[in-house]
Amino acid sequence: MSSSTKIVYAFILLLLCSIILFSSGQNIPTTSLTPAGASVQVGSARQVAQTGSISITTIFTVGANTAQFHITGSIYCNTAVSTATAALTITYTDSSSTVQTITPTAAACTTLGAASFNNINAVVTAKNGTLIRYSTTAVNAPNYDVRVQVHQLSTN
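Going by our numbering, the sequence shown opens with residue 864, and the numbers climb by one from there.
Okay, here's the thing in structure tokens:
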């Protein structure tokens, strides 16, 4: 029997086992499918072709337990606009109840290139029952894209 035939038979066997398992009415907990230590995406935002500021927007509400999160964000200028800038800000409340703000240097949209984008890559601990939020500040009507993702790493 060739190896490709064996693979086909293994796939069919797996498919039949899945059908039998699911038709028996048993529930498979999804947590068993997540490897230990894996993060879970809990929030995301994607705004493209923006020309004005985005007011503070909630991307995730922290649950009953204080938890650790990996927050990534990017802001990219799409067109060159004289004296235009675009900045991304992330705010959250840390475990000591202190509001924290992450604001990298604004993307300079005057010339497209190395300075016309910026990123956030931060691991933070956010207090239970608080908000993780983002906003942008646009100066002189740049055309820009912004993306933010929040992954929960653990609960404390």
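Cβ atoms here follow ideal geometry from the backbone N, Cα and C, with glycine treated the same way.
If you measure between the beta carbons of residue i and residue j, is that distance less than 8 Å?
i       : j      : result
ASN1006 : ALA912 : yes
THR999  : ALA950 : yes
ILE922  : ALA970 : no
CYS972  : ALA943 : yes
THR956  : THR966 : no
Measure the C-alpha to C-alpha separation of residue i and residue j and round it to an integer number of angstroms.
i      : j       : result
CYS940 : ALA1004 : 11 Å
THR974 : THR968  : 15 Å
ALA930 : SER945  : 42 Å
SER918 : VAL1002 : 14 Å
THR964 : ASP1008 : 20 Å
GLY906 : ILE995  : 9 Å
ALA901 : SER916  : 34 Å
SER979 : SER958  : 34 Å
ASN982 : THR954  : 15 Å
PHE932 : SER1017 : 7 Å
ALA977 : THR914  : 20 Å
Measuring alpha carbon to alpha carbon, tell me which of the options ends up nearest residue i.
i       : options                            : result
THR935  : THR1000, GLN1015 and ASN984        : ASN984
ALA989  : THR942, ILE917 and THR961          : THR961
ARG1010 : SER1017, VAL986 and TYR997         : TYR997
VAL986  : ALA947, GLN910 and GLN1015         : GLN1015
GLY992  : GLN904, VAL1002, ALA947 and VAL925 : VAL925
Measure the beta-carbon distance from residue i to residue j and round it to whole angstroms, keeping in mind my assumption that it falls under 8 Å.
i      : j       : result
GLN838 : GLN1012 : In this structure the chain extends from 864 to 1019, so residue 838 is not present and cannot be described.
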